[in-house]
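Residue 24 is where the sequence shown starts when you use the working numbering, and the numbers rise one by one after that.
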Amino acid sequence: MNRVLLIAPLLVFGVSGALLLWWFMGTGEGPFHDNLIPELIGFCLEGFFLVGLFTYVQQVREHERRHEMWLSLRGSLRVFLSHLDVAFLEEDAEPMSSTALEDDPAVVKSLVTKLKAQKMGLENMSALKTIAHRDLAVIHDLLPVAAQLSPGHMRWWLAIIDSVRQLAEATNRTDLEYALGMFLAHLQEFDELKI
């Protein structure tokens, strides 16, 4: 709907300008034809370019703002992803960079695969449970930011909050691994939504 509202003025200015230009190129005489028609053509061209330029600038700024909100949401989960990455790190491997953990959806897919293939140590499980307990309020407070992105983002962010709460309340390995699996699954769904 927003795109239609933005394109409609472009169509009006463009079609009006083209019709006036066609009429001006035809045979016509008089002060109306010689003075007013060129002014109207110039007005239509200015309107077309100004509306188009402002529309483009507005869309770019809106996309950048939405991307920044998405990054702030993903950045709040970086500590979880970092600890999961370290928990499954092979002997001589390097941990993933902070940038990759914050904005690369492929990281979540690789962590899902590792979670299914390997058992996590008790020390790492305890650390994740502590982080979940500590960061649950912050993640919950970011719900309005997710709501500004879209209803879908809000829905999956609520699911992420619930899985972090389950992780904080887990009392055994099975519950913790289930909560981690759900956390990563919900995060994958969140990442697949368009910004």
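Where is the CB? At the ideal position from N, CA and C, for every residue including glycine.
For residue i and residue j, I'd like the C-alpha separation in whole angstroms.
i    : j    : result
E192 : D214 : 25 Å
V109 : P167 : 30 Å
F72  : Q82  : 15 Å
W180 : I162 : 9 Å
L145 : E114 : 18 Å
V131 : L159 : 19 Å
H90  : P61  : 43 Å
S186 : A208 : 10 Å
T221 : R84  : An answer regarding residue 221 cannot be provided, because it is not within the stretch 24 to 218 covered by the chain.
L165 : K217 : 18 Å
L260 : Q189 : No answer is possible for residue 260: it lies beyond the span of the chain, which begins at 24 and ends at 218.
L151 : P128 : 20 Å
L76  : L34  : 14 Å
M148 : M205 : 15 Å
A155 : S39  : 60 Å
V80  : A41  : 25 Å
So the alpha helix (DSSP H) residue i belongs to, where does it begin and stop?
i    : result
Q141 : Per DSSP, Q141 belongs to no alpha helix (DSSP H) and is neither H nor E.
E113 : That residue, E113, is in no alpha helix (DSSP H); it is neither H nor E in DSSP.
S121 : 121 to 126
T197 : 196 to 215
For residue i, which residues from the same chain have a beta carbon less than 8 Å from its beta carbon, with the 5 sequence-adjacent residues on both sides left out?
i    : result
F111 : L134, K137, L138, Q141, M143
Quick one: residues in its chain with C-beta nearer than 7 Å to the C-beta of residue i, no 5 flanking neighbours on either side, listed in chain order?
i    : result
E125 : L94, R97, G98, R101
F36  : C67, G70, F71, V74
M92  : V168, Q171, L172
A182 : H209
Take residue i and list the residues in its own chain whose beta-carbon comes closer than 6 Å to its own, dropping the five residues that flank it on each side.
i    : result
P32  : V74
G175 : L216
E212 : W179
A123 : V130
M177 : A169, A170
Exercise for the section: Decide yes or no for the touch test of the segment 118 to 126 against the segment 90 to 109: beta carbon pairs closer than 8 Å, at least 3 of them. Expected result: The segment 118 to 126 is in contact with the segment 90 to 109.
Problem - At least 3 beta-carbon pairs within less than 8 Å: the segment 67 to 76 vs the segment 171 to 179 - result: Under the Cβ criterion (8 Å, minimum of three pairs), the segment 67 to 76 does not count as touching the segment 171 to 179.
Practice task
Just list the alpha helix (DSSP H) runs in the segment 150 to 180, keeping only unbroken ones of 4 residues or longer that don't cross its boundaries, in chain order.
Solution key: Fully contained in the segment 150 to 180 are the following alpha helix (DSSP H) runs of length 4 or more, in chain order: 166 to 172.
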